[in-house]
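**Student:** Residue numbers (my numbering): -17 to 378.
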Amino acid sequence: MRTTVGIIGAGPAGLLLARLLHNAGIDSVVLESRDRAYVEHRQRAGILEQGTVDVLRAAGAGGRMDREGLRHDGIELRFDRKRHRVDFPALTGGRSVTVYAQTEVCKDLIALQLKDGGPLLFEARVDAVESATADAGSGDRPVIRYTHEGRDKTLRCDYVVGCDGFHGVTRTVIPDNVRKTYERRYPYAWLGVLADVAPSSDELVYAHSERGFALLSMRSPSVSRLYLQVPNGTDPAGWSDERIWDELDARLALDGDWALARGPIVSKGVLPMRSFVTEPMCYGRVFLAGDAAHIVPPTGAKGLNLAVSDVTVLARALVRRQRTGSADLLDAYSDTCLRRVWRAEHFSYFMTTTLHTDPDQSPFDTRLQISQLDRITSSPHAAAELAENYAGLTIG
Ligand code: APR
Ligand code: PHB
């Protein structure tokens, strides 16, 4: 089999790239190692930046998002038992975010691709990318070796895009002496739960407390998504439903009138926290996009949005190459993306370290965190910095 763009991975990055290329008349094949049900049901974040919403809409993938997504014009920062609102449109010239789960974005893109896009193969595991050379201009074309229906297969491509997430294989195509990685691990994780109960707040609540961080989020008007900072290595089985609600109650507690509504917890899981960037994001005719190239800790919900901005930039560059013969945007791909990636890395790191309690934290460190939160919630300049990063910069 051969194609113009071989896409490895059917997460949001791979699926959206296939859609953008299809819309521009460029053929692609998507290879995904998992089955469709797995991809459509794994729990991920659910906050779409303004720019992400605009891209999905323009790609013709925004119908259900526009009907079912919840527009949010701000978040609440809770600390010292008080609530403080950050108003996004007022601080950013009208930008906002949309609550619409990543699983739903994937379902919508999969349905579109299977209806009228190029091939999307599930249970097709890529074993290797071969014949990749540093020189995109040479005659050599990359080849993907994969396994499907028990058989070894080959896909010849003009370009290969690794959208295969943090554990993917594509990154290793870039030789060790070319590839640089940057990493930071955090001394805590998140326990995330999905609960069948209406969210107790109209907007997301990010809570700093001496017991650790808590986040109140949602999936719909009747489903809450909640997180607690927990030590690394935590077994979710050690957290009964009652213990989870009691701890959320304690960390979200306010002076004043507010109560956290409890309901049946339908899923529980622990998420690691890591920052990771690999540079460059390309090697000759092979490109990396999304989690394959970078990971952010989830505080601030940048992961999905970065995947979307990467593939938006890449699709534009591939279309330009096909239509005009110019490779200038492809050549600039890595630098263009990394600038935004490092901004999101900083923002996610900042949100994480400002809101969580480090096991080695001193009372001095806690005072600094409170001072920083106080600054954000009392100065429109400081608040605008958070709001711009949260609602997202323009893509490009
Ligand atoms: N062959 C085929 N597919 C593979 C292979 C392989 N060897 N290795 C990994 N994959 C698939 C995974 O099964 C997964 O479906 O690649 C896909 C990668 O998808 P994601 O992990 O969702 O990554 P991405 O599309 O970059 O989306 C980033 O996901 O982790 C979240 O918070 C992150 O929201 C962000 C988003
Ligand atoms: C989520 O709803 O899963 C979510 C929301 C905001 C975050 C992280 C995760 O910062």
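Beta carbons are placed, not taken as given, at the ideal position from N, Cα and C, and that holds for glycine.
Would you check if the distance between the CB atom of residue 229 and the CB atom of residue 210 is smaller than 8 Å?
**Tutor:** In the sequence shown, residue 229 corresponds to position 247, counting from 1. In the sequence shown, residue 210 corresponds to position 228, counting from 1. Going by C-beta atoms, residue 229 is nearer than 8 Å to residue 210.
**Student:** For the ligand PHB, is there a heavy atom less than 7 Å away from the beta-carbon of residue 199?
**Tutor:** As a first step, residue 199 must be located in the sequence shown, where it is residue number 217. At least one heavy atom of the ligand PHB is nearer than 7 Å to the Cβ of residue 199, so yes.
**Student:** By the 10 Å Cβ neighbour count, where 16 or more other Cβ atoms means buried, how is residue 227 classified, buried or exposed?
**Tutor:** By 1-based counting over the sequence shown, the position of residue 227 is 245. Burial call: buried.
**Student:** Thinking C-alpha only, which one of 288, 280, 194, 340 is nearest residue 377?
**Tutor:** One-based indexing of the sequence shown puts residue 377 at position 395. Closest in alpha carbon position to residue 377, among 288, 280, 194, 340, is 288.
**Student:** Please classify residue 96: does DSSP put it in a helix, a strand, or coil?
**Tutor:** Position 114 of the sequence shown, counted from the first residue, corresponds to residue 96. Three-state result, residue 96: helix.
**Student:** In whole angstroms, what separates the C-alpha of residue -15 from that of residue 126?
**Tutor:** The count along the sequence shown starts at 1 and reaches residue -15 at position 3. The count along the sequence shown starts at 1 and reaches residue 126 at position 144. Between residue -15 and residue 126, the C-alpha separation is close to 11 Å.
**Student:** Are there 16 or more other CB atoms within 10 angstroms of the CB of residue 54, so buried, or fewer, so exposed?
**Tutor:** Stepping through the sequence shown from its first residue, residue 54 is reached at position 72. Counting Cβ neighbours within 10 Å, residue 54 comes out buried, since at least 16 surround it.
**Student:** Got a sec? Which residues, its chain only, sit under 7 Å from residue 169 by beta carbon, not counting five neighbours each side?
**Tutor:** Here residue 169 refers to the residue found at position 187 when the sequence shown is read from its first residue. The beta carbon of residue 169 sits closer than 7 Å to those of 214, 340, 341, all from its chain and outside the five residues before and after it, given in chain order.
**Student:** Pull up the distance between the alpha-carbon of residue 113 and that of residue 38, whole angstroms please.
**Tutor:** As a working mapping, residue 113 is identified with position 131 in the sequence shown. As a working mapping, residue 38 is identified with position 56 in the sequence shown. Distance between the alpha carbons of residue 113 and residue 38: 33 Å.
**Student:** Would you tell me roughly how many angstroms separate the C-alpha atoms of residue 392 and residue 147, rounded to the nearest one?
**Tutor:** In this structure the chain extends from -17 to 378, so residue 392 is not present and cannot be described.
**Student:** How many Å lie between residue 56 and residue 69 at the Cα?
**Tutor:** As a working note, residue 56 is residue 74 in the sequence shown. As a working note, residue 69 is residue 87 in the sequence shown. Going by the C-alpha atoms only, they are around 5 Å apart.
**Student:** Could you check where the alpha helix (DSSP H) with residue 380 kicks off and where it finishes?
**Tutor:** Any question about residue 380 goes unanswered here, given that the chain covers just -17 to 378.
**Student:** Please classify residue 164 as buried or exposed, where buried requires at least 16 other C-beta atoms within 10 Å of its C-beta.
**Tutor:** Against the sequence shown, residue 164 aligns to sequence position 182. Around the beta-carbon of residue 164, fewer than 16 other beta-carbon atoms lie within 10 Å, marking it exposed.
**Student:** Taking contact to mean 3 or more Cβ pairs, one atom from each stretch, closer than 8 Å, check whether the stretch 128 to 142 and the stretch 232 to 246 are in contact.
**Tutor:** no
**Student:** Smallest Cα separation from residue 191: which of 73, 235, 181?
**Tutor:** Reading the sequence shown from its first residue, position 209 is the one you call residue 191. Checked all of 73, 235, 181; the closest Cα to residue 191 is 235.
**Student:** Could you tell me which of 348, 157, 77 sits nearest to residue 265, measuring between CA atoms?
**Tutor:** Here the question's residue 265 lines up with position 283 in the sequence shown. It is 157.
**Student:** Provide the residue span of the alpha helix (DSSP H) that contains residue 61, from first to last.
**Tutor:** Position 79 of the sequence shown, counted from the start, is the residue given in the question as residue 61. Segment 56 to 61 is the beta strand (DSSP E) holding residue 61; no alpha helix (DSSP H) there.
**Student:** Can you tell me the Cα-Cα spacing of residue -9 and residue 84, whole angstroms?
**Tutor:** Walking along the sequence shown from the start, residue -9 turns up at place 9. Walking along the sequence shown from the start, residue 84 turns up at place 102. Their backbone Cα atoms lie some 15 Å apart in a straight line.
**Student:** The alpha helix (DSSP H) that contains residue -12, what's its start and end?
**Tutor:** Indexing the sequence shown from 1 puts residue -12 at position 6. Where residue -12 is concerned, there is no enclosing alpha helix (DSSP H), although the beta strand (DSSP E) it sits in stretches over -16 to -10.
**Student:** Strictly by DSSP, which residues pair up with residue 208?
**Tutor:** Within the sequence shown, numbered from 1, the residue matching residue 208 stands at position 226. Beta-bridge pairing links residue 208 to 175, 198.
**Student:** Enumerated in chain order, which unbroken segments of the beta strand (DSSP E) with a length of 3 residues or greater are wholly contained in the stretch 30 to 93?
**Tutor:** 52 to 54, 56 to 61, 64 to 69, 79 to 81
**Student:** Classify residue 352 as helix, strand or coil using the three-state DSSP reduction.
**Tutor:** In the sequence shown, the residue the question calls residue 352 occupies position 370. Residue state, collapsed to three classes: helix.
**Student:** Return the chain-ordered ranges of every alpha helix (DSSP H) run that is complete within the stretch 223 to 289 and spans a minimum of 4 residues.
**Tutor:** 223 to 234
**Student:** Using DSSP with H/G/I as helix, E/B as strand and the rest coil, what is residue 385?
**Tutor:** No information on residue 385 is available, as it lies outside the stretch -17 to 378 that the chain covers here.
**Student:** For the ligand PHB, is there any heavy atom lying closer than 7 Å to the beta carbon of residue 279?
**Tutor:** Sequence index remark: in the sequence shown, residue 279 carries index 297 (1-based). Result no, Cβ not under 7 Å from the ligand PHB.
**Student:** Under 7 Å from any heavy atom of the ligand MN, does the C-beta of residue 101 make it?
**Tutor:** Questions concerning the ligand MN fall outside what the structure shown contains, since the ligands it does hold are the ligand APR and the ligand PHB.
**Student:** Kindly indicate which residue of 143, 26, 263 has the alpha-carbon position closest to the one of residue 88.
**Tutor:** One-based indexing of the sequence shown puts residue 88 at position 106. Of the candidates 143, 26, 263, the one whose C-alpha sits nearest the C-alpha of residue 88 is 26.
**Student:** Does the Cβ-Cβ distance between residue 225 and residue 95 come in under 8 Å?
**Tutor:** Reading the sequence shown from its first residue, position 243 is the one you call residue 225. Reading the sequence shown from its first residue, position 113 is the one you call residue 95. Their beta carbons are not under 8 Å apart, which means residue 225 does not touch residue 95 by this criterion.
**Student:** So, with DSSP's three-state summary, where would you put residue 384?
**Tutor:** An answer regarding residue 384 cannot be provided, because it is not within the stretch -17 to 378 covered by the chain.
**Student:** Do the CB positions of residue 74 and residue 297 come within less than 8 Å of each other?
**Tutor:** As a working note, residue 74 is residue 92 in the sequence shown. As a working note, residue 297 is residue 315 in the sequence shown. Judged by their CB atoms, residue 74 and residue 297 are not nearer to each other than the 8 Å cut-off.
**Student:** Helix, strand or coil, according to DSSP, for residue 293 in the structure here?
**Tutor:** Your numbering for residue 293 matches position 311 in the sequence shown. Note: residue 293 maps to helix in three-state DSSP.
**Student:** Go to residue 106, then tell me how far its beta strand (DSSP E) extends in each direction, as first and last residue.
**Tutor:** Walking along the sequence shown from the start, residue 106 turns up at place 124. Per DSSP, residue 106 belongs to the beta strand (DSSP E) from 106 to 112.
**Student:** Where residue 279 and residue 308 are concerned, what is the direct C-alpha to C-alpha distance, given to the nearest angstrom?
**Tutor:** Locating residue 279 in the sequence shown gives position 297, where the first residue counts as 1. Locating residue 308 in the sequence shown gives position 326, where the first residue counts as 1. Taking the straight line joining both Cα atoms gives about 36 Å.
**Student:** List the DSSP bridge partners of residue 138.
**Tutor:** Residue 138 sits at position 156 when you count from the first residue of the sequence shown. DSSP output for residue 138 lists -16, 125 as bridge partner(s).
**Student:** Given the structure, does residue 295 come close to the ligand APR, in the sense that its CB is under 7 Å from one of the ligand's heavy atoms?
**Tutor:** In the sequence shown, the residue the question calls residue 295 occupies position 313. Because no heavy atom of the ligand APR lies under 7 Å away, the Cβ of residue 295 does not count as near it: no.
**Student:** I'd like to know whether the C-beta atoms of residue 198 and residue 177 end up nearer to each other than 8 Å.
**Tutor:** The count along the sequence shown starts at 1 and reaches residue 198 at position 216. The count along the sequence shown starts at 1 and reaches residue 177 at position 195. No.
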